[in-house]
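Protein chains in written order, with the working numbering: chain V, 1 to 933; chain Y, 1001 to 1140.
Working notes for the structure below.
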């Protein structure tokens, strides 16, 4: 201010004229007011404008906090930066007269320069010689006069305070309008403007309910995003648009449920969906992902308790579970997802499928294509019966049951599903933590099987086997079951082939114990009738097996029949075999004789004709015939050897017979191994094309010569066999007579069994018609038995006649005569009538009498040996020589071996009985009948 | 002519009886120097009436067999008396001794593997005696 220089200038400086000073002061005041107003108005304008800017932007998009912050800073910066600067420039920068003069000089340059000169003159400090105060004053006056008429306000630089005022008025009006007319968005914008970094949501007229800003959709599959209008929404636009990335926008109409559903095509890459509904602008992040799939499925099978089996886990590589599952089991499934996808939830749907019906391939309606329940959809002919022939027509299938799965990370497991007898379809469905579902689930067909009956069979023995009481037979029992066999054993049931007062044998024996996991059991049985006190009879032996199925009981094999014979019964059997062998031997001899005749004819053809084609053919045929006969002879000698072994075992065939049989067998072996092959060889050589006719003739002659010896040897063998057979037959007469005696004894004993201890009989004297049916049946059987015995005795008598005619042995004649004199035929028949008429005591007496007589006749042929007599009582001239002693020794040795073998086999059977003791009669095994008679 | 029967019956004995005897021997005969100990058989104790009956049956059966073995032993004794060859006699005497052992075992009653093995040895010895006799016959 110039005022601070005033005291000094009063002496040296000349002041400005008053008019000019006032003018300048007025100009300065005006300048200051205008520019301060401009600064304030600009600041106010900036604030309102920035608010309006946020308000406006929020209407078109969700203004980001950073933008809002920038707007707010920009708006306030007019106040904080521009206003101070403006005031400093125009107020502090234009305080002095010189500054003002310069400002005026911009508008009025000449005047301004003069004013500036006057201002400078007033501070001039020169010497008195050079200073002219008058001139200075005059100059000031002159400038003052010039300035007096001038309006300095025109020199104000761009006064805009009015413009700013208008701007402020406009923005204030608009802000007021926003706040009062649409207060919600106005206040929301105010809040978002004032606090740009706060989480104040943008106000929209269209409000959308909460939705996920990040969704995961199945890769390459169409998907939909649904937005629902909020109940607070002020607007309900009829449609909206959404756009995935830069793809074409998708439109959606407002649905009745106040929602918009935008359908998008399948995507393989992640992206963003921009949604415009009214003024609502949203963005959703979309991440395509493959659907969760299963890496592995396991089935845990819990077997029914009765099977006593451990649970089993099976990896299911195919969609079928069969074979290991039995009705009554429980199956639970356990699955793991691929790529470690975490699971959220899962379900198991159980559907009962129709049971397939086993079909005969030869049924008319069978169609293999329709197996597994498939129906022939293409057939419109209305033939409904053919459409599903493999299905049972049952009630409609039960509705599927759905079970929730237990989830643990990437693993899901189902509860145990009980299995009935129908197949099931188990369907697994799951959803991962991204809410993606499986593709169609995973289906498993479960085909439970019935617990099949076990199987038992016997092997290592003929179906019909003949043994003696002393024999031991061995055979193997095998059993199989699908889920483990409990034990195996065998049962036998006896049946007498003729009436007797004894009870047939019956019993059972458990051989081996199995276990729940033992599907196959086997064991060897050593069965000795004598060890089990089983008398000669017919036994049906069956193997049995039991499994763990409740109340199934024993399952039996096909029976084998053991014919347990007495020694005389076996002797008769051997006799029959011997008869057959002799018959076949005679046939072989006849064939050999025929061949011999033909060879002789060839011999007579002469050497010159022997090598022609026809004779060569005959020779060839003769050679073949001889080969056939050799084969037959070899077979007969084998059978003879076998027979000899059995006769030896029987022990009741006398040594002379054995000797003859052995001799016959020896001859037969020599024939088949040495003599007859020589004939065949000669016949073969006779056909040799390299031989001369003379040589061939010689070969044929040698063949004839050799064959003659063969025939002679065969004849001797037949004679020896017949002699042995006669001896055999003779000894068989003994057996037959003794058997008849035994039959009579049996009949008598059966009748005696009807008499009680006090001599009373339940049937004697009672007319047949009044008898109990059981007694009637017994009498009928006894009568039949008596008839058979009488018939046997009659045949014995007849055979004795023929035998005597051939052998002329006195003892046979004696028996024959005694039989004729005793009139045994008619008496035995009378006994039969007595039995039929229920004359019990008379029948017993008669049967006993004839039993004794028959036995006495047998003793004529085979006198009982006196133990005191050491030597052979025959006294004949056939003193055994040294070789006979050898033969006797060998026979004795063989009998010793045979007997010792029998003892050993029975020892083994007893040992088996002892070792398997604990298996018998166990409380939970309960054999049907363990009585052993 | 007669020695031929010996030739016939000897192979018959070998063919029909001995193979089965030897086959059984394979199962039951004890090894001369067993490399391993034979398992000890523990016989179950009878509990039920039926099992007690079975034990009785076993004892009776075994004692009956002892009787039969005794009879066979008498036959061997008779056979010894008929023999002149010392080796045959010695073999048959061994048979008799083993038979006595078997009789004792069966009478106990013991039907175990040891008894069966002894029975097998009897068969073997008898067969050996038969061969010895055949050799003697061939040599004279």
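We put the beta carbon where it would ideally sit given N, CA and C, even for glycine.
Local Cβ density within 10 Å of residue i, reported as buried at 16 or more and exposed below that
i                       : result
residue 444 of chain V  : buried
residue 260 of chain V  : buried
residue 1127 of chain Y : buried
residue 277 of chain V  : buried
residue 236 of chain V  : exposed
residue 119 of chain V  : buried
residue 997 of chain V  : In the structure as shown, chain V begins at 1 and stops at 933. Residue 997 of chain V is therefore absent and cannot be evaluated.
residue 1056 of chain Y : exposed
residue 906 of chain V  : buried
residue 529 of chain V  : buried
residue 97 of chain V   : buried
residue 19 of chain V   : exposed
residue 537 of chain V  : buried
residue 1065 of chain Y : buried
Residue i - DSSP class collapsed to helix/strand/coil
i                       : result
residue 96 of chain V   : coil
residue 253 of chain V  : strand
residue 344 of chain V  : strand
residue 1131 of chain Y : helix
residue 412 of chain V  : strand
residue 652 of chain V  : coil
residue 1120 of chain Y : helix
residue 262 of chain V  : strand
residue 205 of chain V  : coil
residue 319 of chain V  : coil
residue 168 of chain V  : helix
Where residue i meets chain Y, residues with beta-carbon distance less than 8 Å
i                      : result
residue 892 of chain V : 1075 and 1079
residue 907 of chain V : 1062, 1065, 1106, 1111, 1115, 1116 and 1119
Sub-9 Å separation of residue i and residue j beta-carbons
i                       : j                       : result
residue 900 of chain V  : residue 1123 of chain Y : yes
residue 1073 of chain Y : residue 1099 of chain Y : yes
residue 218 of chain V  : residue 291 of chain V  : yes
residue 587 of chain V  : residue 749 of chain V  : no
residue 1058 of chain Y : residue 1111 of chain Y : yes
residue 302 of chain V  : residue 332 of chain V  : yes
residue 778 of chain V  : residue 754 of chain V  : yes
residue 299 of chain V  : residue 411 of chain V  : no
residue 737 of chain V  : residue 574 of chain V  : no
residue 326 of chain V  : residue 449 of chain V  : yes
residue 297 of chain V  : residue 428 of chain V  : yes
residue 672 of chain V  : residue 686 of chain V  : no
residue 675 of chain V  : residue 713 of chain V  : yes
residue 836 of chain V  : residue 791 of chain V  : no
residue 159 of chain V  : residue 34 of chain V   : yes
residue 171 of chain V  : residue 92 of chain V   : no
residue 458 of chain V  : residue 511 of chain V  : no
residue 349 of chain V  : residue 409 of chain V  : no
residue 711 of chain V  : residue 680 of chain V  : no
residue 570 of chain V  : residue 663 of chain V  : no
residue 938 of chain V  : residue 520 of chain V  : Residue numbering for chain V in the displayed model covers 1 to 933; residue 938 of chain V lies beyond these limits and cannot be assessed.
residue 1092 of chain Y : residue 1076 of chain Y : yes
residue 539 of chain V  : residue 494 of chain V  : yes
Neighbouring residues, chain V, relative to residue i (Cβ below 8 Å)
i                       : result
residue 1041 of chain Y : 915
residue 1072 of chain Y : 896, 899, 900 and 903
residue 1090 of chain Y : Result: empty, since nearest Cβ-Cβ is about 15 Å, beyond 8 Å.
Contacts of residue i in chain Y (Cβ-Cβ under 7 Å)
i                      : result
residue 566 of chain V : Under the 7 Å cutoff, chain Y gives no residues; its nearest Cβ is about 17 Å from residue 566 of chain V.
residue 889 of chain V : 1133
9 Å Cβ cut-off: residues of chain V touching residue i
i                       : result
residue 1057 of chain Y : 531, 532, 533, 910, 913 and 932
Within chain Y, the residues that residue i reaches when beta carbons sit closer than 9 Å
i                      : result
residue 549 of chain V : Those within 9 Å of residue 549 of chain V in chain Y number zero; the least Cβ separation is about 25 Å.
Partners in chain V for residue i, counting only beta-carbon separations shorter than 7 Å
i                       : result
residue 1067 of chain Y : Simply none; closest approach about 10 Å.
residue 1096 of chain Y : Ordered by position in chain V, no residue passes the 7 Å Cβ test against residue 1096 of chain Y, which lies about 11 Å from the chain.
### Unbroken stretches of the alpha helix (DSSP H), 4 residues or longer, contained in the region 713 to 756 of chain V
none
#### Entry: beta strand (DSSP E) runs wholly inside the region 406 to 469 of chain V, at least 3 long, in chain order
Listed in chain order, the complete beta strand (DSSP E) runs (minimum 3 residues) inside the region 406 to 469 of chain V are 406 to 408, 411 to 413, 424 to 432, 442 to 449, 455 to 459 and 464 to 468.
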